[in-house]
Amino acid sequence: MKSDVFAIAAIAFAALAVFIAVFTASITPSRVAGNLGRRGRQRIASLATKPTWATWEPLVRWIGARLSGLLPERVVRSLDREITYAGDLLGLTPEEYVALGILGAIGGAAFGAAFDMLGKTGGLCMLAGAGLGMIMPHLEISQIAQKRFQEVNRRLPYAVDLLSLGMSAGLDFPGALRQVVAKSLPDDPLAEEFEYVLHMLNLAHTRKAALSELADRVPTEAVREFVHTVAHAEEKGNPLSEVLVIQAQVSRVRRTTRAEEEAAKAGVKMLLPLAFIFLGLLVLLLAPVMMKLRDQMQTNRSSSNDVVVVHSENRLT
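The sequence shown begins at 1 in UniProt numbering and counts up by one.
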């Protein structure tokens, strides 16, 4: 009885909190709406293409505004780095990132409270749901960042090939970058990063600074090597087109080596599934035989018992 009252009170509190937040969200100005940077553009594009996010964005913005200035600077930098690694997902700010965790905790607690009412678990489901809901945004953003890194590493050798061809044909480095961006798919993360590099070059940043920003945003070994190669060629005065040709050859060799390594790992990864498959086949093959042996043993045992009973009756007679 107490657990039911506790669960109902938790659901009512969560509903009241959501209602108050939604009611007051519309009067809170967006701290990102005036941002003309990349994250602001991501916010505008996400609001235009994702109806679900457009529905929840005022609430997330309101909670984030309430958290502004409350988070430690170290936490803000760490969260900002995670959002950057995920491609400035949804144009979030660090405070709004935390707000997503708070909303996830409230939603998870509400679902857990409903299960508590059905299963009489004494509030355990509500606590578990709140914890799971709180870490879900972090897990989602981390997964998106990892996929983004893998996609950049996969597409970088092809991009270096195009860069070397463009510069060999007489284009300068920004012009070759524009050709790579123009020939890329709309959702190509590497093209997005190259476009940001071009944007920094247009704002009078040096090539080294723009590429260093690229290495900070996508801190993979392949990207850092590409940035180091271009920066080193610029410092030494080497022809960048020739350096990119060599870099393209190295990238192709590395791509082939990586494919061979993945193929070798595939055999190891298949061992465990194959073991379970063979175990299942073994059970399927031996089960009928074992059942027949069991039936035969039961038949022999019953026959021997019948013989003993008949022999005993004959002795009595």
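Cβ atoms here follow ideal geometry from the backbone N, Cα and C, with glycine treated the same way.
- Only residues of its own chain outside the window of five on either side were considered, and among them G104 have a CB closer than 7 Å to the CB of M136, listed in chain order.
- Less than 7 Å separates the beta-carbon of G108 from that of A130.
- Taking C-beta atoms under 8 Å as the contact rule, A86 and I144 qualify, at a distance of about 5 Å.
- Taking a 10 Å sphere around the C-beta of L118, we find fewer than 16 other C-beta atoms and assign the residue as exposed.
- For G166, the enclosing alpha helix (DSSP H) stretches over residues L124 to S168.
- As for any beta strand (DSSP E) of minimum length 3 sitting wholly inside the segment 66-130, there is none.
- Taking all protein chains in view, the Cβ of F278 is surrounded by fewer than 16 other Cβ atoms within 10 Å, so the residue is classified as exposed.
- Here the segment 276-294 makes no contact with the segment 244-255; the two share fewer than three CB pairs at distances below 8 Å.
- Look at V218 here: in three-state DSSP terms it is coil, with no helix or strand label.
- For Y196, same chain residues with a beta-carbon under 7 Å away, outside a window of 5 residues either side, are R38 in chain order.
- Here DSSP, grouped into helix, strand and coil, assigns G37 to coil.
- Remark: fewer than three beta-carbon pairs, one from each stretch, lie closer than 8 Å, so the segment 201-212 and the segment 183-192 are not flagged as touching.
- Using a 10 angstroms sphere on the CB of S68, the tally of other CB atoms stays under 16, which defines it as exposed.
- Distance check between P174 and each of K147, R207 and D161 places R207 closest, using alpha-carbon atoms only.
- In the structure shown, K50 falls within a coil segment according to DSSP collapsed to helix, strand and coil.
- By the CB criterion at 7 Å, V160 and A233 fall outside the cutoff.
- Distance from L156 to V223 at the Cβ level is roughly 7 Å; contact confirmed, criterion being Cβ atoms closer than 8 Å.
- A direct Cα-Cα distance of roughly 42 Å separates W53 from L274.
- For G133, same chain residues with a beta-carbon under 6 Å away, outside a window of 5 residues either side, are G104, A105, G107 and G108 in chain order.
- The alpha-carbon of E193 is positioned some 15 Å away from that of K147.
- Per DSSP, reduced to three states, the secondary structure at T206 is coil, with no helix or strand assignment.
- Residues P94 of the same chain have their beta carbon placed closer than 6 Å to that of D80, with the five preceding and five following residues left out of the count.
- Take the alpha-carbon of I246 and the one of V268: they are about 33 Å apart.
- L198 and V250 have their C-alpha atoms spaced approximately 25 Å apart.
- Around F226, the same chain offers L156, V160 and Q247 as residues with beta carbons nearer than 7 Å, after the five sequence neighbours per side are excluded.
- For the 7 Å CB-CB criterion, G112 and A128 form a contact.
- Assigned with DSSP and collapsed to three states, G237 falls in coil, not helix or strand.
- Burial check for G170: the Cβ neighbour count within 10 Å stays below 16, so the residue is exposed.
- Around the C-beta of G64, 16 or more other C-beta atoms lie within 10 Å, and the residue is accordingly described as buried.
- Closest option to L139, judged by alpha-carbon separation, among F149, G101 and E151: G101.
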